[in-house]
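All remarks here apply to the structure that follows.
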Amino acid sequence: MFTKLNVLDEKDKRLRQKCKEVSLPLSDEDKKTIKHIIKHLTYSQIPEYEEKYNLRPGMGLAFPQLGKLKRIIVIVYEYEEGQFQNYVIVNPKIVSYSEEKVALETGEGCLSVNREVEGHVPRYARITIEGFDEDGNKVKVRAREELAVAFQHEVDHLDGILFFDRINKKRPFYNENEIRLI
Ligand code: ZN
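Numbering (the numbering used here) for the sequence shown: 1 to 182.
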C-alpha cells in the first residue's frame with residue numbers, strides 16, 4: 001500500500017519558520033515518516049510509479065514541508081538510471097563549502113512550490129555536511145554538483161528559506177562568466 005505524502009504549499013506559514021533540533025534517538029513516528037518520504041521520493045522518480053500515483057518528481061524533502069518543524073532532511077539521489085542512494089540527515093550542518101558557486105541551468109524546483117519560478121539560484125559547488133542518520137549514528141557526507149545543490153536547498157527549508165528567496169529579483173539569470181551553470 002502506498003499513499004502520497006501531503007506536502008504543504010508555499011503559502012503555508014509553517015514553511016517560513018525555523019525548525020528545532022531533534023533529540024536522539026528518533027521517535028518511531030519520525031522513523032515512519034522518514035520511510036514514507038523515501039518511498040514517495042523514490043516512486044516519484046520512477047516513471048511507472050510517477051504516472052500510476054500521479055506524483056511530481058522530486059529528489060528531496062524536509063520535515064517542515066509536512067508541517068513537522070524538526071531539523072530532518074531526506075534526499076533520494078538517482079546517481080545512475082534506476083539506481084538510488086538515500087540520505088537521511090538529522091540536525092544537518094554544512095561544515096565546509098567550496099569558494100566556487102554553481103546554479104542549476106534550468107532553475108530549481110520544490111514540491112512545495114506549485115508554479116514555475118524562473119531564475120538561477122547560486123549555490124556552493126561542493127559542500128561537506130554533518131549530522132546523524134535515523135539510527136543516531138554520526139554521518140558526514142561530501143557532496144558536489146547537483147547533490148550539493150539538493151542538500152543546500154533542503155537545509156534552507158529548516159531555516160524557513162525557499163529557493164526563490166535566493167534569486168536576484170533585478171537580474172535573475174547569470175551568465176557562464178559569473179557562475180558555472182550545471
Ligand atoms: Zn524544497
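A virtual CB, placed ideally from N, CA and C, is assigned to each residue, including glycine. Computed from a predicted structure; not experimentally measured.
Which value, in whole angstroms, describes the spacing of the CA atoms of residue i and residue j?
| i | j | result |
| --- | --- | --- |
| T42 | P92 | 21 Å |
| V76 | K13 | 26 Å |
| L147 | P25 | 26 Å |
| N137 | Q45 | 28 Å |
| R142 | L55 | 29 Å |
| L104 | G60 | 15 Å |
In the DSSP assignment, the alpha helix (DSSP H) including residue i goes from what residue to what residue?
| i | result |
| --- | --- |
| K101 | From DSSP, K101 is part of no alpha helix (DSSP H) but of the beta strand (DSSP E) over 101-103. |
| K35 | 28-44 |
| K52 | 47-52 |
Just checking: is the beta-carbon of residue i within a distance shorter than 8 Å of some beta-carbon in chain C?
| i | result |
| --- | --- |
| N91 | The structure shown contains no chain C; it holds only a single protein chain. |
With distances taken Cα to Cα, identify the nearest neighbour of residue i among the options.
| i | options | result |
| --- | --- | --- |
| K11 | E154, K101, E118, V113 | V113 |
| F151 | M1, C110, P47 | C110 |
| K101 | H157, N86, I127 | I127 |
| D156 | V121, I38, S27 | V121 |
| I182 | S96, E80, G107, K35 | G107 |
Just reading off the beta strand (DSSP E) that residue i is part of, what are its end residues?
| i | result |
| --- | --- |
| Y97 | 83-97 |
Just list the residues that DSSP pairs residue i with in beta bridges.
| i | result |
| --- | --- |
| L61 | V74 |
| K20 | K70 |
Runs of 4 residues minimum, wholly inside the region 129-161: which ones carry the alpha helix (DSSP H) assignment? 145-158
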